[in-house]
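In our numbering, the protein residues as written are 161 to 436.
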């Protein structure tokens with residue numbers, strides 16, 4: 161059973177919340193306005209009582225974004241969302257941070273039309289560094305499924321689980337954050353193009369090995385220099401209607417910076433630039 165549901169529809173030419181329901185441990189906060197008064201966007205903040213998810217909590221949310229509406233969701237949870245024609249949903253949460261021995265699982269399902277637009281940011285940090293926790297949780301599983309006209313378009317799952325042979329920390333090496341950014345829909349084409357160009361440029365610079373007498377550059381300890389930020393970018397769907405970016409980084413701040421830069425062009429649609 162859903163612990164929360166929000167419906168957004170066009171009323172008087174404006175995106176408007178027409179239904180909002182939540183129950184423990186979830187609470188929605190929907191400010192009257194975020195950003196410029198001329199921007200037509202509904203921002204939805206969700207909170208959990210006590211400030212976080214604790215053992216045994218189960219949160220399931222439903223969202224219906226009506227035709228022509230724009231909605232921003234700032235928190236991750238197991239979610240089912242329908243995005244109408246010419247509508248935009250941006251899911252732009254802060255990263256998940258799991259406590260030691262935690263088991264966390266979420267599934268997000270989005271149903272779109274050919275002219276719907278969707279932004280998904282899905283990311284996780286290694287843990288609470290101040291208490292010495294780095295990739296110390298038992299399991300993290302995050303699935304994102306997108307259906308176009310009820311046909312599978314993008315099916316993705318990230319699974320991190322402690323193993324008997326190697327731990328998550330051993331497999332992740334020095335990387336402390338992994339993230340995924342999905343950009344889907346015709347109204348986001350200019351941002352998709354920018355992201356693809358920027359990732360290609362960043363990686364060509366990051367992974368370039370300066371020439372030496374042996375043809376390779378090595379650091380003083382005789383190991384190739386490891387990039388602190390790695391990203392890949394791939395189109396998906398018919399005619400490349402969507403783009404997915406995958407990231408591994410050594411710091412949370414570098415991922416925030418990347419997201420701020422790449423999504424800055426959404427300010428006219430959302431009222432304020434994400435992650436600023």
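The beta-carbon is built from N, C-alpha and C at its ideal position, and this holds for glycine as well. Remember, it's a predicted structure, so these values are computed and weren't measured experimentally.
Selected residue, minimal CA-CA separation from residue i, among the options
{"i": "residue 229", "options": "236, 246, 318", "result": "246"}
{"i": "residue 134", "options": "263, 178, 297", "result": "Because the chain here runs from 161 to 436, residue 134 falls outside it and cannot be looked at."}
{"i": "residue 337", "options": "308, 235, 410, 217", "result": "410"}
{"i": "residue 292", "options": "187, 258, 220, 419", "result": "258"}
{"i": "residue 412", "options": "430, 221, 255", "result": "255"}
{"i": "residue 165", "options": "341, 238, 171, 263", "result": "238"}
{"i": "residue 171", "options": "182, 227, 183", "result": "227"}
{"i": "residue 162", "options": "419, 223, 244", "result": "223"}
{"i": "residue 253", "options": "271, 272, 270, 233", "result": "233"}
{"i": "residue 360", "options": "335, 339, 389, 231", "result": "389"}
{"i": "residue 285", "options": "408, 271, 421, 435", "result": "408"}
{"i": "residue 201", "options": "208, 183, 169", "result": "169"}
{"i": "residue 347", "options": "249, 176, 188", "result": "249"}
{"i": "residue 436", "options": "176, 194, 240", "result": "194"}
{"i": "residue 188", "options": "219, 196, 197", "result": "219"}
Residue i classed as buried or exposed, judged by whether at least 16 other C-beta atoms fall within 10 angstroms
{"i": "residue 242", "result": "buried"}
{"i": "residue 317", "result": "exposed"}
{"i": "residue 236", "result": "buried"}
{"i": "residue 437", "result": "Not covered by the structure: residue 437. The range shown for the chain is 161 to 436."}
{"i": "residue 364", "result": "exposed"}
{"i": "residue 319", "result": "exposed"}
{"i": "residue 315", "result": "exposed"}
{"i": "residue 178", "result": "exposed"}
{"i": "residue 244", "result": "buried"}
{"i": "residue 345", "result": "buried"}
{"i": "residue 393", "result": "buried"}
{"i": "residue 366", "result": "exposed"}
Euclidean distance between Cα positions of residue i and residue j
{"i": "residue 426", "j": "residue 402", "result": "16 Å"}
{"i": "residue 354", "j": "residue 397", "result": "18 Å"}
{"i": "residue 433", "j": "residue 266", "result": "26 Å"}
{"i": "residue 311", "j": "residue 423", "result": "28 Å"}
{"i": "residue 174", "j": "residue 333", "result": "48 Å"}
{"i": "residue 199", "j": "residue 268", "result": "27 Å"}
{"i": "residue 282", "j": "residue 304", "result": "9 Å"}
{"i": "residue 428", "j": "residue 306", "result": "25 Å"}
{"i": "residue 431", "j": "residue 260", "result": "37 Å"}
{"i": "residue 276", "j": "residue 263", "result": "33 Å"}
{"i": "residue 418", "j": "residue 324", "result": "35 Å"}
{"i": "residue 341", "j": "residue 185", "result": "27 Å"}
{"i": "residue 386", "j": "residue 217", "result": "39 Å"}
{"i": "residue 270", "j": "residue 279", "result": "11 Å"}
{"i": "residue 328", "j": "residue 300", "result": "10 Å"}
{"i": "residue 272", "j": "residue 205", "result": "22 Å"}
{"i": "residue 313", "j": "residue 274", "result": "11 Å"}
Closer than 6 Å: residue i CB and nearest the ligand SAH heavy atom
{"i": "residue 288", "result": "No copy of the ligand SAH occurs in the structure displayed, which carries no ligand at all."}
Residue i, enclosing beta strand (DSSP E) - first and last residue
{"i": "residue 358", "result": "Run containing residue 358: none in the beta strand (DSSP E); it sits in the alpha helix (DSSP H), 349–366."}
{"i": "residue 340", "result": "337–344"}
{"i": "residue 243", "result": "238–243"}
{"i": "residue 167", "result": "164–171"}
{"i": "residue 435", "result": "Where residue 435 is concerned, there is no enclosing beta strand (DSSP E), given that its DSSP letter is neither H nor E."}
{"i": "residue 220", "result": "220–225"}
Residue interval of the alpha helix (DSSP H) (run including residue i)
{"i": "residue 329", "result": "328–332"}
Checklist entry - Residue ranges of each beta strand (DSSP E) run of no fewer than 3 residues wholly in the region 379–430, ordered along the chain? => result Those beta strand (DSSP E) runs which fall completely within the region 379–430 and span 3+ residues are 389–396, 402–409.
Item to check | alpha helix (DSSP H) runs contained entirely in the region 174–211, provided each spans 4 or more residues | outcome: Fully enclosed alpha helix (DSSP H) runs of 4 or longer: not present.
Item to check | Runs of beta strand (DSSP E) wholly within the region 288–324 (minimum 3 residues, chain order) | outcome: As far as the region 288–324 is concerned, its whole beta strand (DSSP E) runs of at least 3 residues are 299–308, 311–321.
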